[in-house]
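S.K.: Note that full-length UniProt numbering has the sequence shown beginning at 1, numbered continuously upward.
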Amino acid sequence: MILVDEPRWPGRGHLWSHLVSDVSLAELHAFAEMLGAPRRAFDRDHYDIPAHRFRTALWLGATLVSSRELTARLRAAGLRRPKHLTRT
Numbered sequence: 001m002i003l004v005d006e007p008r009w010p011g012r013g014h015l016w017s018h019l020v021s022d023v024s025l026a027e028l029h030a031f032a033e034m035l036g037a038p039r040r041a042f043d044r045d046h047y048d049i050p051a052h053r054f055r056t057a058l059w060l061g062a063t064l065v066s067s068r069e070l071t072a073r074l075r076a077a078g079l080r081r082p083k084h085l086t087r088t
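(1) Can you list, in chain order, the residues of its chain whose CB lies under 7 Å from that of residue 88, leaving out five sequence neighbours each side?
(2) From the DSSP output, read off the bridge partner residues of residue 42.
(3) Which same chain residues end up closer than 8 Å to residue 58 when comparing Cβ atoms and leaving out the 5 residues on each side of it in sequence?
(4) Residue 71: which of 33, 45 and 34 sits nearest, CA to CA?
(5) Just mark residue 26 as buried or exposed, buried being the case when its beta carbon has 16 or more other beta carbons within 10 Å.
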C-alpha cells in the first residue's frame, strides 16, 4: 500500500510530504513515476513530494496517514533505511 503524510515538512521554500510503500520499493517507484516525482526525490526509503503533488497522490490512491503511522508501517514492513545505517 502507498502511504503519504501531510505536507508539513519545510525545505527549499516549500512544504513537503513523505511518500512510502509498506509493500516494496518497486511499488513505491512505480507510484512515484505515475505521480511525476523525479527519481532524485527518492531518499533511501521514501520520496519527498512537494505540497502541490499531495492531492494528486491521494487521487492516485495513496492513503493519508500520520507521520508516526507512516514510519511505523515502514519499519513493520522491513523497508525503513535510517540515515545512520545507510552507506554513503
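Note that the Cβ used here is the ideal one computed from N, Cα and C, for glycine as well.
M.R.: Let's see:
(1) At residue 88 the pLDDT is 47, less than 50, meaning the model places this residue with poor confidence; the figure from the coordinates comes in the next sentence. Contacts found: none.
(2) According to DSSP, residue 42 bridges with 47.
(3) Counting only residues of its own chain and dropping the five nearest sequence neighbours on each side, residue 58 has a CB closer than 8 Å to the CB of 4 and 64.
(4) When the alpha-carbon of residue 71 is set against those of 33, 45 and 34, the nearest one is in 45.
(5) Per the 10 Å Cβ criterion, exposed.
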